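*Asks:* Line by line, the protein sequences are chains A, B and C.
If you're matching positions, the first sequence starts at 29 in the numbering used here and goes up one per residue.
If you're matching positions, the second sequence starts at 31 in the numbering used here and goes up one per residue.
If you're matching positions, the third sequence starts at 64 in the numbering used here and goes up one per residue.
Even glycine gets a Cβ: it sits at the ideal position worked out from N, Cα and C.
Note that the structure is a prediction, hence the values are computed from the model and not measured.
Following this message is one structure expressed as structure tokens.
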Amino acid sequence: MGQTIVEKIISRNIGAEKVEPGQIVTVKVDRVMLDDIMIPFIVDKFHEMGFCRVWDPDRVVLIYDHLVPSSQLDDIRHYKVGDEFAAKYGIEHVHRSDGICHQLMTEAGYVKPGDVVFGTDSHTTTYGCVGAFSTGIGYTEMAAILGTGTLWVKVPETIRIHISGTLPANVMSKDMILRIIGDLGADGATYRALEFTGDTVERMSVSSRMTMANMAIEAGAKCALFAPDEKTAQYCGVSLDGFQPGLAGDRDAAYLKTLTYRAEDFVPVMACPSQVDKIREVKDLAGLPIDQVFIGSCTNGRLEDLQAAAKVLEGKQVAPFVKLIVTPASRKVYEEASACGAIGTLVKAGAMVTHPGCGLCCGRTGGILWDGERVVATNNRNFLGRMGTSKVEIYLASPAVAAACAAAGAIVCPL
Amino acid sequence: MEQFTGKVWVLGDDIDTDIIIPTQYLALKSIEDMKQYGFSPLRPELAGKIEKGDILVAGKNFGCGSSREQAPEVLKALGIRCIIARSFARIFFRNSINNGLLLMEQPELWDHVREGETIEVVVNSHVSSNGKQYPLTSLPDNLVEIIEAGGLVKAMQARNGLAV
Amino acid sequence: MGMTIAEKIIALAAGADQVKAGDIHTVNLDRMMSNDGTTHLTVDMYHSKLNTPRVADPKKVVFIVDHNVPSDSPKTAAAQKKMRDFAKEHGIDFWEGEGVCHQVMMERYVCPGELIFGADSHTCTYGALGAFGTGVGCTDLLYGMVTGSSWVLVPETIKFNLTGSLPQGVYPRDLMLTIIGQIGAGGASYQVMEFCGDGAKTLSVEDRMVLCNLAVEAGAKTAIFEPDEIALKWLTDRGRRPKAVFKSDEDARYVKEYTFDLDKIVPVAARPDFVDDVVPAVQVCGVRIDEAFLGSCNNGRIDDLRVGAAVVKGRRISDHVRFLVVPASRQVYLQALEEGLIDTFMESGAIVMNPNCSVCWGSCQGVIGENEVLISTGTRNFKGRAGHPSSKVYLGSAATVAASAVKGEICTADML
């Protein structure tokens, strides 16, 4: 009997030949990500637990992103606590203004195929884009990992998502994952792993895969995996070793179920207020006036996303009285988007390009809205009140759709 | 077997962590500072009305969304005795167990229970509402161990030889 | 009796042949500017206090969202929405995210000879083009919006005779801080600071903006330069024509005269918590900083970004410093992007934001914490302005700020 990707990673991690879904095992942690919102709580719990050293400081990455730039006085305390903790325990991987944690974890090479990684943020599922088992945890468990280097996990069942064929030109991976979440439901993959396969997926860039792994949590998934390939190796700056190339689900692996999609059937979609699984076709929503567009986040703030938006907005202007806010996912993305002219195009079209960070997606600053306003956003959540008051309507969409809406001042489907 | 009664507050499906405690308040100094904002996007009045020992009954996927552990901590600080939902999101479930907040899954109670009524809970056995009993499943052993240790912090303190 | 430039502008706006300091005149306003700091209050008054509300001439009114951009809270979002809705309803020019209001006004509206009210104290910036711009409260602005006119008390004028030229590594900001340090925060209260002399001819319009912008920190009602060929070329390049080109008469009355020799100016800093507590920058070197800010209507223009980028090029911002770089406008940003300055800042580790007031306004973006120290090219260093009441703000030039960001403590660029 074969294994799924997540089963293979866990088996190797614990030195077992095989693991079964439902089995509770203790894994050795390859890397952890701590973010600025949670750091004071992690530090408190760590000390309360009585630890006096971090198990392996080199495996710890501390990233300030939710609170950058500072927007409230309390934010500063988080930087101070983080800086002190890093200095005291010898943590050298600290990013203070380089971008969103999930983008940096993969882009800066902290996560490799086959790794077991935990982060104090639910979108830690993102790293499945390079074939790592990664998931979000709370600060108490993070504190325990910092002390012990281990965590218990229940081996998840795997749902396979198989996609083959060629995507229509106006469809991005965001449209695919939104449709899949709609089909699964917001709790359709709770406690489970998603595994993406098929020739469409194989042809996708690592960035596009990242968008899908990132949003798996919105269907409740514990993790979401793509088999690492040459693109992954290049992205991660590694050569695929003996273990990593075999990191695909076995033919005879036991999947809880398989959802099969034809790429040609995907169309531009949106998640409507206020549930990520409330999916409608963009064409059915066309004409709805909007007040703001947000392009950014760990879901869709990468170079290909900014380029897609720039392509739509080239030579156009954002509609009067509509705001377009663009927040690149990382410093590197910003620099690359500047070099290729995407930033220039967007700013000329009327965009406000902010410094890389979580920005509006985490709802602390970066374009907060008021009662009755409607925003089209490329991030991962449209929960009630997430971007301002509970009377703000948030529609989630791909960067191409979002850019088209910004120019039109209304929901519109790009060709 | 642990047994208690409590007044019920009823919430819907997919109550996310942004509803339980919005990001805007996540960097406040303490859980005590945050708790007044619990449920503010959905029911701003609720945090002020919840009393110690009250029980939340919710639909499916309670606690979906972010990994913020402030969510279960805020609920505990508000005095919530336990949450009975049709299902829970994964990270919220782990975070609650680690903080000693009792969660129980029950598929039918939500359809029948009314806000404001008092229900009786017999842990690992059943819940009684309006004269009817609804069965409760028991928790897996490893989670019972953590709860019995008094939460993950206490378990780690024991490991590190700290007198608890 | 001769008149000063300021008096001539008021006379023209009042339809009078002659005005003199101390007179009160009813004037027609050429333009009114209001930003998101207060427009929502003006709109509230418009709806609640007037029997038959109307906007006299929407073409004369400009609304600019610049203080909290992008918005940082439901409260600011509500205020901005009110402003946006009002502009939409009345056909008022509306800019959001285009830049700091005074920069946008200079780039797009201000003309020599105009009398402009702005609901922001740094409206005095417009004197760089020989316009009379002054800050007013929202009641004054509302009256102007509804009637197209207002009243002004003709201010006295102080003459600042500038000689020589600024040495290498010394900037107009050093000059203006030096002037304020000498005459004090109330040194020009209710008066006009008129800059003239050979030294003035060495200054670009952007340089002049730096001087005029800070005039309010000496209490001035406004500041003004004669619109010379430099100013008129600048205006023509942007496709605009002057309303009137005024020079001060030889026998115009000045209440006081000062002379500043530009050759003698050195890099300076204003110490917390007063803009007029000015010392040579070397005296504050070594003060550890937590944040540095390059931006604002005072010092966020392309010249300033060039100076800052030259300092940080090939260097790294100190680990413990948050270095905010915030171009004053979209035009400035695009120019900086084209020149590679944005890349230089990004590579150095700076935080580069979209054009807005940022931490100069202090209530949100880049706010500083307890006991933190900020060195800033902003306009003010008042107690608590940039965040926590215990925090401290030093003001310095773009060069000093950038150098300090690299070093992690206050230092001048030549000390790196």
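Going along the chain, which residues of the region 140–155 of chain B sit with their C-beta nearer than 7 Å to a C-beta in chain A?
*Replies:* none
*Asks:* So, under 8 Å CB-CB, Glu280/C and Thr220/C are touching, yes? Tell me the CB distance rounded to an integer number of Å.
*Replies:* Not quite, the Cβ-Cβ distance comes to about 18 Å (not below 8 Å), so this is no contact.
*Asks:* Grab me the residues of Trp297/C's own chain with a C-beta within less than 6 Å of its C-beta, minus the 5 sequence neighbours each way, in chain order.
*Replies:* Val268
*Asks:* Given a threshold of 16 other Cβ atoms within 10 Å of its Cβ, counted over all protein chains shown, does Trp214/C qualify as buried or as exposed?
*Replies:* exposed
*Asks:* Over the uninterrupted beta strand (DSSP E) stretch that includes Val104/B, give me the two end residues.
*Replies:* Per DSSP, Val104/B belongs to no beta strand (DSSP E); it is in the alpha helix (DSSP H), Gln100 to Leu108.
*Asks:* Which ranges does the alpha helix (DSSP H) cover as unbroken runs of at least 4 residues, wholly within the region 273–334 of chain C, from first to last along the chain?
*Replies:* 292–300
*Asks:* Evaluate the contact criterion for the region 391–406 of chain A versus the region 358–376 of chain A: three or more CB pairs, one atom per stretch, below 8 Å.
*Replies:* Three or more beta-carbon pairs separated by less than 8 Å are not found between the region 391–406 of chain A and the region 358–376 of chain A, which leaves the two stretches without contact.
*Asks:* So what's Lys339/A in DSSP terms, helix, strand or just coil?
*Replies:* helix
*Asks:* Which residues in chain C have a C-beta closer than 7 Å to the C-beta of Thr373/A? List them in chain order.
*Replies:* Under the 7 Å cutoff, chain C gives no residues; its nearest Cβ is about 11 Å from Thr373/A.
*Asks:* Can the beta-carbon of Leu41/B be found less than 7 Å from the beta-carbon of Ala88/B?
*Replies:* yes
*Asks:* Please compile the residues from chain B whose C-beta is within a distance smaller than 9 Å of the C-beta of Glu169/A.
*Replies:* Glu99, Arg124, Asn125, Asn128 and Leu182
*Asks:* Does the beta carbon of Thr218/A come closer than 7 Å to any beta carbon on chain B?
*Replies:* yes
*Asks:* Measure from the alpha carbon of Phe69/B to the alpha carbon of each residue in Ser97/B, Gly83/B and Trp39/B, then state which is nearest.
*Replies:* Trp39/B
*Asks:* Tell me the residue span of the beta strand (DSSP E) that contains His151/A.
*Replies:* No beta strand (DSSP E) contains His151/A, which DSSP labels as neither H nor E.
*Asks:* Give me the chain B residues within the contact set of Met527/A, using Cβ-Cβ distance strictly less than 7 Å, ordered along the chain.
*Replies:* This structure cannot settle anything about residue 527/A, because the visible part of chain A is limited to 29 through 443.
*Asks:* Using a Cβ-Cβ distance under 7 Å, would Ser418/A count as near chain B?
*Replies:* Yes, contact with chain B.
*Asks:* Enumerate, from N- to C-terminal direction, the unbroken alpha helix (DSSP H) stretches of 4 or more residues contained entirely within the region 84–157 of chain A.
*Replies:* 101–117 and 129–135
*Asks:* Throw me the rounded Cβ distance for the Pro71/B and Pro52/B pair, which I believe falls under 8 Å.
*Replies:* 6 Å
*Asks:* Here's a check: name, in chain order, each residue in its chain whose Cβ is nearer than 7 Å to the Cβ of Asn41/A, leaving out the five neighbours to either side.
*Replies:* Val55, Lys56 and Val144
*Asks:* Identify every run of the beta strand (DSSP E) within the region 84–169 of chain B, keeping only runs that are complete inside it and at least 3 residues long; order them along the chain.
*Replies:* Inside the region 84–169 of chain B, DSSP marks whole beta strand (DSSP E) runs of 3 or more residues at positions 85–88, 112–115, 132–135, 148–152, 156–159 and 162–165, from first to last along the chain.
*Asks:* Starting from the Cα of Ala214/A, find the closest Cα among Val354/A, Ala314/A and Phe411/A and give me that residue.
*Replies:* Phe411/A
*Asks:* Measuring alpha carbon to alpha carbon, tell me which of Gly110/A, Ala221/A, Asp305/A and Ile119/A ends up nearest Glu35/A.
*Replies:* Nearest option by C-alpha distance: Ala221/A.
*Asks:* Confirm, please, whether the CB-CB distance from Leu357/C to Val388/C is below 7 Å.
*Replies:* yes
*Asks:* Below 7 Å CB to CB, which residues in the same chain sit around Val217/C once its five sequence neighbours on both sides are set aside?
*Replies:* Excluding positions up to five away in sequence, the list reads Glu70, Ile73, Val82, Lys83, Ala84, Gly85, Asp86 and His88.
*Asks:* On a CA-only basis, which of Pro348/A, Glu185/A, Gly274/A and Gly30/A is nearest Ala249/A? Give me that one, please.
*Replies:* Glu185/A
*Asks:* Can you name the start and end residues of the beta strand (DSSP E) that Asn98/C belongs to?
*Replies:* Arg94 to Asn98
*Asks:* Taking all protein chains shown into account, decide if Pro256/A is buried (16 or more other Cβ within 10 angstroms of its Cβ) or exposed.
*Replies:* buried
*Asks:* Glu472/C versus chain A: which residues are under 9 Å apart at the beta carbon?
*Replies:* Annotation: Glu472/C has no Cβ neighbours in chain A at a cutoff of 9 Å; minimum Cβ distance is about 17 Å.
*Asks:* Can you find at least 3 beta carbon pairs, one from the region 457–470 of chain C and one from the region 367–385 of chain C, that sit closer than 8 Å?
*Replies:* yes
*Asks:* Ends of the alpha helix (DSSP H) at Pro427/A?
*Replies:* Pro427 to Ala436
*Asks:* Is Lys455/C buried or exposed, if buried means 16 or more other CB atoms sit within 10 Å of its CB?
*Replies:* Lys455/C comes out buried.
*Asks:* Going by Cα to Cα distance, which pick from Asn407/A, Leu253/A, Ser125/A and Lys182/A is closest to Gly329/A?
*Replies:* Asn407/A
*Asks:* The region 434–463 of chain C: which residues have C-beta closer than 8 Å to a C-beta of chain A, in chain order?
*Replies:* Glu435, Gly450 and His451
*Asks:* Give the list of continuous beta strand (DSSP E) stretches no shorter than 3 residues that lie fully inside the region 171–223 of chain A.
*Replies:* Correct list: 178–182 and 186–192.
*Asks:* Measuring straight from C-alpha to C-alpha, what distance separates Leu253/A and Ser233/A?
*Replies:* 14 Å
*Asks:* Can you tell which of Lys306/C, Asn131/C and Cys259/C has its C-alpha closest to the C-alpha of Thr322/C?
*Replies:* Cys259/C
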